[in-house]
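Have a look at the structure below before the remarks.
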Amino acid sequence: MAINVPTKVAGFDYSELALITLGKIGGEKLAKPVIGNGTLKSGAIKIAAAFLLPMVVKNSIVNGVMKGVAIDGVEDVVLGFTRGGMDTQGVVRI
Amino acid sequence: MTVVTNRYQKTLNATDFGLTADVSLAGGKWTLVCEYVVPAQQEIAVGATEVIQGGATGRPAYIRFDDTSGQLTGKIRIVVADANDQGQVVTEHSTAEWSASETDRNSALLLHEDLRRAQQDSKIQIWMYVAADKTIDYDDADVKISLPVTVYTVRR
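Chains as they are written, first to last, in this note's numbering: chain A, 3 to 96; chain B, -4 to 151.
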């Protein structure tokens, strides 16, 4: 019996998913020493970069990676709002 | 949900930490010297951050313990522990660093506000390590604790 492997997941093909993952994980690690992580500020910068860079560099790889950076930026904004503060990372209550 | 209603900085001293008796320190071990229990409706973070000339910096911290013959040397830790004494080390430095200066920012140990907040009934503890058995003479004139903290008043 033939098994049909889906060519797309949630609308993305596998190469695009790989680029998004690369952007999400790699972008976070590269940007953390410079702009921090998990804050409103880092989220805003990541979203701005993901918006602007594909406009300047028209390339499918850059486009895919920047989707990952955008997702990471939105994650930072959500975390920033729930934790409170422009530069505030997670408060640990003991 | 926890709602922060106010935030301010203050300095905990030896009286706050309840240092009212001599403390025996066993050599080669960490010993709990004293602790401050967080009052109701407060959360407290060790350290305090203030902006000076556009840069965020910590406030000076000073801890000095003496026995009858002079200053004790070793290491001092600040620990934030829950009510069951399960703690995390917030900062650890040598006695020389802790007693460098009370007010001079160029030489004092500066403590930024830590991200960990001790909740009501949790504790801020001072631990000390000495190489050989010693006793802290609590009423020695040079014994001093000056630990900046940031207080959050909270409602749940």
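A virtual CB, placed ideally from N, CA and C, is assigned to each residue, including glycine. Keep in mind the model is a prediction, meaning the values are calculated, not measured.
- [ ] Let me know if Lys69/A comes out buried or exposed under the rule of 16 or more other beta-carbons within 10 Å of its beta-carbon.
- [x] Numbered from its first residue, the first sequence carries residue 69/A at position 67. With 16 or more Cβ atoms within 10 Å of its Cβ, Lys69/A is classed as buried.
Open item on the list: Does the CB of Glu38/B have a neighbour CB from chain A at under 9 Å?
Closed with: As a working mapping, residue 38/B is identified with position 43 in the second sequence. Answer yes: the Cβ-Cβ gap between Glu38/B and chain A drops below 9 Å somewhere.
- [ ] Examine chain B for any beta-carbon lying closer than 9 Å to the beta-carbon of Val94/A, and answer yes or no.
- [x] Looking up residue 94/A in the first sequence gives position 92. Interface residue, yes.
Open item on the list: Given this structure, state the Cα-to-Cα distance separating Ser94/B from Ser62/A, to the nearest angstrom.
Closed with: What you label residue 94/B is simply residue 99 of the second sequence in a count that begins at 1. What you label residue 62/A is simply residue 60 of the first sequence in a count that begins at 1. Spanning the two alpha carbons is a distance of roughly 58 Å.
- [ ] Please name the residues in the stretch 109 to 142 of chain B whose beta-carbon is closer than 8 Å to at least one beta-carbon of chain A, in chain order.
- [x] Leu110, Arg111, Arg112, Ala113, Gln114, Ser117
Task: Proximal residues, the stretch 72 to 96 of chain B versus chain A, C-beta separation under 9 Å - done: Val75, Ala76, Asp77, Gln81, Gly82, Gln83
- [ ] Taking only the alpha-carbon atoms, compute the straight-line gap between Asp132/B and Leu110/B and give it to the nearest angstrom.
- [x] Here residue 132/B refers to the residue found at position 137 of the second sequence. Here residue 110/B refers to the residue found at position 115 of the second sequence. Each residue's alpha carbon lies about 33 Å from the other.
- [ ] In angstroms with no decimal places, state the Cα-to-Cα distance between Ile49/A and Lys60/A.
- [x] Within the first sequence, residue 49/A is the residue found at index 47, counting from 1. Within the first sequence, residue 60/A is the residue found at index 58, counting from 1. Between Ile49/A and Lys60/A, the C-alpha separation is close to 17 Å.
Open item on the list: By DSSP's criteria, Ser141/B is part of a beta bridge. Which residues make up the other side?
Closed with: On the second sequence, residue 141/B is found 146 positions in, with the first residue counted as 1. Paired residues: Asn8/B, Tyr57/B.
Open item on the list: DSSP three-state label for Glu108/B, please.
Closed with: By one-based count along the second sequence, residue 108/B stands at place 113. Glu108/B: coil per DSSP, three-state reduction.
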